[in-house]
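Input: a single structure, listed below in C-alpha cells.
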Amino acid sequence: MAMAAMVMTYTYSLIAEGISYQKKAVLLANAVHLAKIKMAQVDSSTTMQTDTSRGSIEAFPGYTFETEIKEEEMDLLKLAGGPNAEALRKKAPKDMLGDKDVGFSDLMKKRGQKKSFETGGVLKVFRVKVSIFYMDGNKKETFSVETFRSTKY
Numbered sequence: 001m002a003m004a005a006m007v008m009t010y011t012y013s014l015i016a017e018g019i020s021y022q023k024k025a026v027l028l029a030n031a032v033h034l035a036k037i038k039m040a041q042v043d044s045s046t047t048m049q050t051d052t053s054r055g056s057i058e059a060f061p062g063y064t065f066e067t068e069i070k071e072e073e074m075d076l077l078k079l080a081g082g083p084n085a086e087a088l089r090k091k092a093p094k095d096m097l098g099d100k101d102v103g104f105s106d107l108m109k110k111r112g113q114k115k116s117f118e119t120g121g122v123l124k125v126f127r128v129k130v131s132i133f134y135m136d137g138n139k140k141e142t143f144s145v146e147t148f149r150s151t152k153y
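Residues 1 to 153, numbered by full-length UniProt numbering, are exactly what the sequence shown covers, in order.
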C-alpha cells in the first residue's frame with residue numbers, strides 16, 4: 001500500500017508539473033505573438049525616428065510592452081569579426097585600391113567623409129528593440145526581440 005501511495009504521489013506531481021509547463025508555454029507563446037505584432041507595427045511605419053514608448057496591451061491583461069528605437073552607427077568589419085575584429089582591422093587594406101596609399105585617403109578627408117574603407121564600412125542604422133513583459137506567478141518575465149533598419153530606405 002505504501003508503494004502504491006508513493007507511485008500515485010509521484011504521478012500526480014508529474015501531472016502538476018506538466019500543467020505548470022503548459023501554462024508557461026502559453027504565456028511565452030502570447031509574448032512571442034505580441035512581439036511579432038509590435039515589430040510589424042514599427043516596421044510598417046514610413047518614417048523612423050529615435051523614440052521610446054511603453055504601454056499595456058488591452059486585449060491581453062497583464063502584458064505590457066516597451067518599444068525602443070535608437071539611431072546608431074554599425075561597423076561592418078567589427079560586426080563580421082566578432083571578438084576577432086581588431087585582428088581583422090589590422091589586416092584590412094589601408095586603401096580601397098590595395099595596400100598602397102594612392103591619395104584616396106586625402107581625397108576622402110577633403111570631402112569631409114570618414115574613412116569607412118578602413119573600418120569595413122560604417123552604416124547608420126536604427127536599432128529597434130521590442131520587449132514584452134508579463135507575470136509568471138510572482139515573477140516578472142520578459143521576451144525581447146531586436147532588429148536593425150537602415151536610416152536610408
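For each residue, glycine too, the CB sits at the ideal point set by N, CA and C.
- A contact is defined here as three or more CB-CB pairs under 8 Å, and the stretch 139-146 meets this definition with respect to the stretch 25-35.
- When DSSP states are grouped into helix, strand and coil, residue 129 belongs to the strand group.
- In the DSSP assignment, residue 55 is bridged to 65.
- In the structure shown, residue 48 falls within a coil segment according to DSSP collapsed to helix, strand and coil.
- With fewer than 16 other Cβ atoms from the protein chains shown falling within 10 Å of its own Cβ, residue 4 counts as exposed.
- One thing to note: residue 66 has its Cβ within 9 Å of the Cβ of residue 54.
- Put simply, the backbone Cα of residue 51 is about 14 Å away from that of residue 131.
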